[in-house]
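Numbering (the numbering used here), first residue to last: 798 to 1007. For every residue, glycine included, the Cβ atom is placed at its ideal position computed from N, Cα and C. A quick write-up on the structure given underneath.
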Ligand SMILES: [Zn+2]
Ligand SMILES: [Zn+2]
């Protein structure tokens, strides 16, 4: 892997570019000081207290990759919620707080609804015609191996090297992986298809080859 997608960020250095400054005292989602009750995970005593951050992280990424982040009733700037160490870590570091009612806007159900409402014409991520023709039920926001989106602590990585692309295509056939073959049938170049995967899933796939 070229590793070009990841940048090592020195956490001791201040973040240079801040598109939107978050007031961490306020709800991270709406940033509105309306005196309604805030969820303060750091003051919660239960072991799962930071689950909310992980869920928010995953859901916001899903909204973003589905191109429906703007459908939320508040404007969320994901880059402002990520100091380079990831959304979850950033929320954790800043002891983020949020309104229950705002959190409830970020659920799988709302995501599905937003996708349904999304106008069909003009998809936000400009998909070339070639990609669309080749993709038989192929979803570029999902891992080509497990069909899941961004998982907690598992980012989706784009296929960026020819060797990975060629190997996946070759061994999907060799392994007679029907699901994978259907998805990439007719494809010669997974890089152009913008195929994504979880690194763990690629490792699993590679292990099946051996
Ligand atoms: Zn709020
Ligand atoms: Zn996967």
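task = Return the Cβ separation of residue 954 and residue 987 in integer angstroms, given the expectation that the two are a contact with Cβ distance under 8 Å.
result = At roughly 12 Å, the Cβ-Cβ gap does not stay under 8 Å, so residue 954 and residue 987 are not in contact.
ask   = What's the C-alpha gap between residue 856 and residue 876?
value = So the alpha carbons of these two residues sit roughly 15 Å apart.
inquiry  = Counting C-beta neighbours from all protein chains within 10 Å, is the total for residue 830 16 or more, i.e. buried, or is it exposed?
reply    = Counting Cβ neighbours within 10 Å, residue 830 comes out exposed, since fewer than 16 surround it.
query = Thinking C-alpha only, which one of 937, 824 and 909 is nearest residue 900?
reply = Considering only alpha carbons, the answer is 824.
request  = Could you please go through the chain and list the residues whose beta-carbon is closer than 7 Å to any non-hydrogen atom of ligand 3?
outcome  = Ligands present in the displayed structure are limited to ligand 1 and ligand 2, and ligand 3 is not among them.
Buried or exposed (CB count within 10 angstroms, at least 16 for buried), residue 927 = Reliability fails at residue 927, whose pLDDT of 44 lies under 50, so the model's placement of it is uncertain and the value that follows must be treated cautiously. By the Cβ-count criterion, residue 927 is exposed, with fewer than 16 other Cβ atoms from all chains shown falling within 10 Å of its own Cβ.
query = To the nearest angstrom, how far is it from the Cα of residue 863 to the Cα of residue 908?
reply = Rounded to whole angstroms, the gap between the alpha carbons of residue 863 and residue 908 is 8 Å.
key: Nearest-angstrom beta carbon gap, residue 871 and residue 826 [assumed within contact, 8 Å]   = Contact flag correct, Cβ pair sits at about 5 Å.
request  = Report back the beta-carbon spacing between residue 935 and residue 1001 to the nearest angstrom; my notes put them in contact at under 8 Å.
outcome  = With a Cβ gap of about 19 Å, residue 935 and residue 1001 do not count as contacting.
inquiry  = According to DSSP, residue 951 sits in a beta bridge with which residue or residues?
reply    = Answer by DSSP bridge pairing, in chain order: 948.
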